[in-house]
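Undergrad: Note that the working numbering has the sequence shown beginning at 384, numbered continuously upward. Just so it is clear, CB atoms sit at the ideal spot from N, CA and C, and this is done for glycine as well.
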Amino acid sequence: MLSELAPKNYPIGGIGNSISNIVHTQGWVHCHTPATDASGPVKALMDEVSDYFVTMKLPARVRIALACCLNMCGTVHCSDIAILGIHRTVPKPDNNRVPNLCEIPSTVASCPTGAIRGDMKNKTVSINEEKCMYCGNCYTVCPAMPIADPDNDGISIWVGGKVSNARSAPKFSKLAIPFLPNNPPRWPEVVDAVKKIIEIYAANAKKHERLGEWIERVGWERFFSLSGIPFTDKHIDDFEMATETFRSSTQFKWR
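#1: Compute the beta-carbon to beta-carbon distance between histidine 460 and glycine 543, rounded to the nearest angstrom, for a pair I have assumed lies under 8 Å.
#2: Quick check on the DSSP output: what are the complete alpha helix (DSSP H) runs of length 4 or more inside the stretch 552-587, in order along the chain?
#3: Given this structure, state the Cα-to-Cα distance separating glycine 399 from alanine 492, to the nearest angstrom.
#4: Could you give the distance in angstroms between the alpha-carbon of arginine 638 and the alpha-carbon of arginine 605?
#5: Looking at proline 424 and leucine 346, is the spacing between their C-beta atoms short of 8 Å?
#6: If you scan the stretch 407-463 from start to end, which runs of the beta strand (DSSP E) of 3 or more residues do you find wholly inside it?
#7: Count the other C-beta atoms from every protein chain shown that fall within 10 angstroms of the C-beta of glycine 611, then say buried if there are 16 or more, exposed otherwise.
#8: Using DSSP with H/G/I as helix, E/B as strand and the rest coil, what is glycine 595?
#9: Excluding five sequence neighbours on each side, which residues of the same chain lie with their C-beta closer than 7 Å to the C-beta of serine 556?
#10: If we call anything under 8 Å between Cβ atoms a contact, is leucine 609 one with isoleucine 583?
#11: Counting pairs of beta carbons, one from the stretch 472-482 and one from the stretch 515-527, are three or more of them closer than 8 Å?
#12: Since alanine 418 and cysteine 451 should fall inside the 8 Å C-beta cutoff, what is the C-beta to C-beta distance between them, to a whole number of angstroms?
#13: Which class does threonine 490 belong to by DSSP, given the choice of helix, strand or coil?
#14: Answer with buried or exposed for arginine 444, where buried requires no fewer than 16 other C-beta atoms within 10 angstroms of its C-beta.
#15: So, for cysteine 485: in the same chain, excluding its five sequence neighbours on each side, which residues have a beta-carbon less than 6 Å away from its beta-carbon?
#16: Sorted by chain position, which residues of the same chain lie with C-beta nearer than 6 Å to alanine 588's C-beta, five sequence neighbours on each side aside?
#17: Within 10 angstroms of the Cβ of aspartate 420, are there 16 or more other Cβ atoms? Answer buried if so, exposed if not.
#18: Please report the straight-line C-alpha distance between lysine 617 and valine 473, rounded to a whole angstrom.
#19: State the Cα-Cα distance for the pair leucine 563 and alanine 531, rounded to the nearest angstrom.
#20: Leaving out five residues on either side along the sequence, give the residues of the same chain with a beta carbon under 6 Å from the beta carbon of tryptophan 570.
#21: Threshold first: 3 residues or longer. Then list the beta strand (DSSP E) segments lying entirely within the stretch 483-530, N to C.
#22: Three-state secondary structure (DSSP) at arginine 638?
#23: Please list the terminal residues of the continuous beta strand (DSSP E) segment that includes serine 403.
#24: Give the secondary structure of lysine 590 by DSSP, where H, G and I count as helix, E and B as strand, and everything else as coil.
#25: Measure the C-alpha to C-alpha separation of methionine 439 and isoleucine 560 and round it to an integer number of angstroms.
This is how it looks when you write it as structure tokens:
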């Protein structure tokens with residue numbers, strides 16, 4: 384099989400200590416709530432890092448996933464590197480269309496943060512912008528509340544997740560880069576950022592050490608320092624249970 388595929392220029396890899404096939408969602412063409420494309424960024428990225436796909440010279444497997452919105456069909460919540468499309472503006476209810484297209488109770492119930500209130504008198508809804516998390520769930524049940532915004536939609540990068548329980552427990556991905564712009568057709572900012580993270584990991588991690596395990600060993604301060612990624616207020620948990628997840632010590636440990 385290998386001898387037959389090689390002359391046809393099919394890249395052969397994705398197993399062992401390599402980048403596996405990227406899992407991705409549907410993107411602009413097929414999905415109804417995307418903040419970015421899917422196959423476009425994946426193609427652009429794999430063109431740049433294909434050497435890590437066809438060889439096994441990484442410390443361990445690197446699973447990359449892309450989801451075009453934070454409803455995360457692409458399992459970005461548990462991948463070594465995750466590319467996640469994000470909206471940054473609230474949905475815009477079209478009060479002329481909402482009464483004809485939407486069931487108000489279902490639209491209100493679709494919001495995970497309770498940001499939508501029904502206006503039964505006018506048969507429409509209003510949005511508390513401070514509570515909105517830009518997920519697009521409401522648009523799923525109410526097409527008269529579009530959330531796509533070409534000027535403000537973009538991509539965030541998450542790192543350190545994994546499904547495997549080998550050597551350490553499964554981990555959730557954590558935010559690394561809050562926002563990168565959509566610049567089709569080659570998404571240069573996204574490609575450069577992900578490639579740099581891969582190369583830093585390859586140069587510094589121990590053998591068999593997954594990306595998240597390496598980060599936890601050297602510390603997040605060291606990761607941000609090596610990668611040159613700025614640490615901002617967007618990296619701080621601000622949900623209601625955040626006090627239980629903060630590393631609240633005043634002592635930062637560098638290694």
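TA: By the coordinates alone:
#1: In fact, because the Cβ distance is near 11 Å, the residues do not count as touching under 8 Å.
#2: 571-587
#3: 44 Å
#4: With a pLDDT of 46 at arginine 638, under the threshold of 50, the predicted position of this residue should be treated as unreliable, though the coordinate-derived value follows. CA-to-CA, the gap between arginine 638 and arginine 605 works out to about 7 Å.
#5: Residue 346 falls outside the range modelled here, since the chain spans only 384 to 638, and no answer is possible.
#6: Whole beta strand (DSSP E) segments, 3+ residues: 447-450.
#7: Exposed.
#8: helix
#9: Val459, His460, Cys461, Ser462, Ala465, Trp541, Val542, Gly543, Gly544
#10: yes
#11: yes
#12: 6 Å
#13: helix
#14: buried
#15: If the five residues before and after cysteine 485 are omitted, its C-beta is found closer than 6 Å to the C-beta atoms of Cys525, Ala527, all from its own chain and listed in chain order.
#16: Pro442, Trp597
#17: buried
#18: 18 Å
#19: Their Cα atoms are separated by approximately 16 Å.
#20: Pro424, Ala427.
#21: 499-502, 507-510
#22: Its pLDDT being 46, under 50, arginine 638 is placed unreliably in this model, and the value from its coordinates should be taken loosely. Residue state, collapsed to three classes: coil.
#23: It is not in any beta strand (DSSP E) - serine 403 carries neither H nor E in the DSSP assignment.
#24: coil
#25: 27 Å
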